[in-house]
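Student:
In the working numbering, the protein residues as written are 897 to 1909.
#1: In its own chain, which residues sit with a C-beta less than 6 Å from the C-beta of residue 1297, not counting the 5 before and 5 after it?
#2: For residue 1759, report the span of its alpha helix (DSSP H) as first-last.
#3: Hey, could you find the ends of the beta strand (DSSP E) residue 1562 is sitting in?
#4: Quickly, what does DSSP pair residue 1111 with across the bridge? List them, please.
#5: Looking at the unbroken beta strand (DSSP E) that takes in residue 1628, where does it start and where does it end?
#6: Would you call the segment 1011-1019 and the segment 1301-1320 in contact, with 3 or more CB pairs under 8 Å?
#7: Is the segment 1662-1672 in contact with the segment 1725-1743, if contact means three or more CB pairs nearer than 8 Å?
#8: Within a Cβ cutoff of 8 Å, which residues of the same chain sit near residue 1407, ignoring the five residues on either side of it in sequence?
#9: Among residues of its own chain, excluding the 5 on either side of residue 1065, which ones have a beta-carbon nearer than 6 Å to its beta-carbon?
#10: Quick check on the DSSP output: the beta strand (DSSP E) that includes residue 1214 runs from which residue to which?
#11: Give the list of continuous beta strand (DSSP E) stretches no shorter than 3 residues that lie fully inside the segment 1633-1710.
#12: Mind checking residue 1378: buried by the 16 CB within 10 Å criterion, or exposed?
#13: Is the Cβ-Cβ distance between residue 1094 and residue 1162 less than 8 Å?
#14: Terminal residues of the continuous alpha helix (DSSP H) containing residue 1094?
#15: Which residue wins for smallest C-alpha separation from residue 1672, given the options 1775, 1544, 1866?
#16: Determine the closest residue to residue 1525 out of 1561, 1575, 1569, with distance taken between C-alpha atoms.
#17: If we count the other Cβ atoms within 10 Å of its Cβ and call it buried at 16 or more, is residue 1910 buried or exposed?
#18: Do you know how far the Cα of residue 1357 is from the Cα of residue 1036?
#19: Using 8 Å as the threshold, is the C-beta distance between residue 1278 and residue 1532 below it?
#20: How would you write the range of the alpha helix (DSSP H) that residue 972 sits in, first residue to last?
#21: Mapping the DSSP letters down to three states, classify residue 1079 as helix, strand or coil.
#22: Please state whether DSSP places residue 1162 in a helix, a strand or coil.
#23: On the premise that residue 1106 lies in contact with residue 981, defined as a C-beta separation below 8 Å, what is that separation, rounded to the nearest angstrom?
#24: Pull up the CB-CB distance for residue 1046 and residue 994, whole angstroms please, since I reckon it's below 8 Å.
#25: What's the gap between the Cα of residue 1085 and the Cα of residue 1580?
#26: Just curious, the alpha helix (DSSP H) that residue 1057 is in, first and last residue?
#27: At what residues does the alpha helix (DSSP H) containing residue 1019 begin and finish?
#28: Applying the 10 Å Cβ sphere with the 16-neighbour rule, what's the burial state of residue 1392?
#29: Can you pull the DSSP bridge partners for residue 1170?
#30: State the Cα-Cα distance for the pair residue 1890 and residue 1857, rounded to the nearest angstrom.
#31: Could you name the residues of the same chain whose beta carbon sits closer than 8 Å to that of residue 1124, not counting the 5 residues immediately before and after it, in chain order?
#32: Within this structure, are the beta carbons of residue 1271 and residue 1189 separated by less than 8 Å?
#33: Name the two residues that bound the continuous beta strand (DSSP E) containing residue 1980.
#34: Comparing C-alpha positions only, which one of 1168, 1158, 1205, 1712 sits nearest to residue 1119?
#35: Quick check on DSSP: helix, strand or coil for residue 933?
#36: With H, G and I counted as helix, E and B as strand and the rest as coil, what does DSSP make of residue 1535?
Here it is in structure tokens:
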């Protein structure tokens, strides 16, 4: 709440100004009172004397600020209102008066005069409330920004009206019935004109300082503009923009409104001051630089066609907010910072002449501190996309990017600097950020800031400067962008082997240094696509010592380094990855691990090196979120999707990152196969739910909706049992429920119920399986739907029930034991679960037929996929398929007597079968241990080798990891252990299924033979 007087009642009172020359201040105050008396403003003396602080404040102003002194003397009546009126009310009255008065004025000169007179009043209000501590810094800068925004709005609307009256612009649709002589130049007039002004910098962030320029970008949308003149729309808008600048910044007897800077537009040296949106989009998406991304963080439309401006910013969102963690931006920001210091000659932190904006430890370093995190992570964390610096810092604390303590230091310094900056600018309305360098002027600023002596002032200022600069420097060090990096790099001359470099390679532990030398020399000669740019080679050159160190620690160093070379050779580009590693060198250790033991994962990483982004997510190595958290995270990523193709790419990138995270956790032994299965299944559930909603939304636009109809997706196989691996496909069944019969959808292209869900299901499958630049989400297997490949792609609930109860084969019921509904309303989920439970618990099933069909199906699978390879733990005799068949058969055999057996996960099935007495405890322990062991082995092998499972393909790093993981000495010991488990499982399978089935077959043959006799 803003206080009703200018008395100091807030902490900002520590900066209450003092008169640099008290006698001069008192004399000028007396002169001012005489002016007031001459103009019949007689009540002001009582207002001043009513409060000692009012008197002291005016004395300080008249002693220190020629600019504010002139404004007060020029308008004594307003000075009296300022002392007598609530500042917030006074400010709001000015804005309201402008909103009501200016749109009716048709004379440009009169509007310019009106805005300038209002600016003088706003300058007095904000300076008084700032110095008296009545308004916070945020209130002061917001008031200045709101006035600037309204000024530009009103000026733009006036200039657009001028062109409409001249006949150069058609009236927008909502004003077509209005006579041109009745047009009001209100902000609403600019709607649907296609001309927009974007505020950048401090104006965009509601952070204007006392004498700020306003940074603007002026654009027009040719698809919206209705130009009716004789030349071109661009000619018109260039002229209009020049007139806008003149209205804002031309100095008259009434002063000026705001200095205006248009140099933040794309390529300002070569482009017009008003640009087409199409041209600007092409520039940003193809040539835009990281400093322009940083500038766009604060961009917002403030005048003209605001909707067109919002649409433009939405279209370039992918330029500003990258989907991957962008450490190239960090280097660019650091380079900009160095150029600023070089250009302005900033050597060290001082006092006299110190630049509090651009100098070491100043405002710019605080802004960069926030923007570094925003540019690096804002694409993945939308909550960081905040224009205002202080608000952005607070968001960084919430997202655990910076500590509350560091935030407090930065916030405190920011308020101090901006307060000082305002005092410097209030003196003569100069756009300055530097302290004066003469003793007399320094003394004036010292007193104007409320200090008694320069030493205390200097100590406070320098403490803030050093604190901020240390924090900024530490951030650069953490990201390996230090200012004092050594220039000495290992040399790789082309004609001879450099002895020093060879010695370094030897010390790193490599057996044969010359091939390693040759490889690195090849990188620096740009022989690979990833090393062709000078920047990429420079980054890679600086990383060579770290690369040698981390790969020198691998079991088979030379071979691992060769594999790393293969990895480099397959990279599509290098700058992003090399910048990433330079900022986070410990990633080389992880990369060396992956390359040394997981060729398949390494291949995936080579295709998509930015998967390493995920490693920097908080909790990457030990945290796995609940489904709701995952959905929120994915939905946050999808905010920047411009179209459905973007949705496909973003979901694939997100899924790849989640799979990669899970894979690394498996390699690091942070999670078991069972935990991985649950995590990967949860990720798949989330992907399917989110993607289905996006597909359905697209589908509804064309075909509409079906009333009183519901839809569900049933997962079977590994997804149903929550046992997915990183290479699993998805077994799905699509089911719809239409109680009202076969009616048509309500879209522009209506479909009947069965056609509707058939097409929706196919489009959903396409969205999952389509190959994009980010790969595909999953392969989808529909063969477990009713009637298999011959059946409809989506089946009605009645059809599903009828098929399962009267037509399904036993093997289809075996598969149904893994059923889990993952998408659908609760009502339909309950119906499907009820059908599954009834089918699996049916007592009409013949025990002998169930046994025979189970054994027969297992033999068919063995004939098609069987192998003697002990490492192929899924299909080998005694492997995971045998365990699954045992459990599924027993559920079908005893489900009618014990419905509690029905659960989709294999290990849970074994537990329930043993608990209810359908498997002896000894056999249950064997199956439990074998299942868990082989699932762990399978998930590691698939992660590291893909579908290759032969020992000859295993790198030494993988062999070492497997032996360590399972507590065995050699790979032979591991093979023997796995083989024995498979023998034990095979024995149980034979006892429960294979042998009894053969006995039935023999008995049936004997019966048939006997009947034949």
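All residues carry an ideal CB built from backbone N, CA and C; glycine is no exception. Note that the coordinates shown come from a computational prediction; the quantities given were computed from them, not determined experimentally.
Tutor: So, to answer that:
#1: Excluding positions up to five away in sequence, the list reads 1269.
#2: First-last of the alpha helix (DSSP H) with residue 1759: 1743-1761.
#3: Not the beta strand (DSSP E): residue 1562 falls in the alpha helix (DSSP H), residues 1540-1563.
#4: 1157
#5: Residue range 1626-1633 is occupied by the beta strand (DSSP E) that includes residue 1628.
#6: no
#7: no
#8: 1453, 1454
#9: Here the set comprises 1059.
#10: Here residue 1214 belongs to no beta strand (DSSP E); instead the alpha helix (DSSP H) covers 1213-1216.
#11: 1690-1692
#12: Low confidence applies to residue 1378: its pLDDT is 49, below 50, so where it sits in the model is not reliable, and the reading given next is rough at best. By the 10 Å Cβ count, residue 1378 comes out exposed.
#13: no
#14: Taken as a continuous stretch (DSSP letters only), residue 1094 belongs to no alpha helix (DSSP H), being part of the beta strand (DSSP E) at 1091-1095.
#15: 1544
#16: 1575
#17: Nothing in the structure corresponds to residue 1910, since the chain is present only between 897 and 1909.
#18: 21 Å
#19: yes
#20: 972-980
#21: Three-state result, residue 1079: coil.
#22: coil
#23: About 21 Å separates the two Cβ atoms, so there is no contact after all.
#24: Right, their Cβ atoms sit about 6 Å apart.
#25: 50 Å
#26: First-last of the alpha helix (DSSP H) with residue 1057: 1033-1062.
#27: 1004-1028
#28: Counting the other Cβ atoms within 10 Å of the Cβ of residue 1392 gives fewer than 16, which makes it exposed.
#29: 1114
#30: A straight-line Cα-Cα distance of about 36 Å links residue 1890 and residue 1857.
#31: 1063, 1064, 1065, 1066
#32: yes
#33: Because the chain here runs from 897 to 1909, residue 1980 falls outside it and cannot be looked at.
#34: Nearest C-alpha to residue 1119: 1205.
#35: helix
#36: coil
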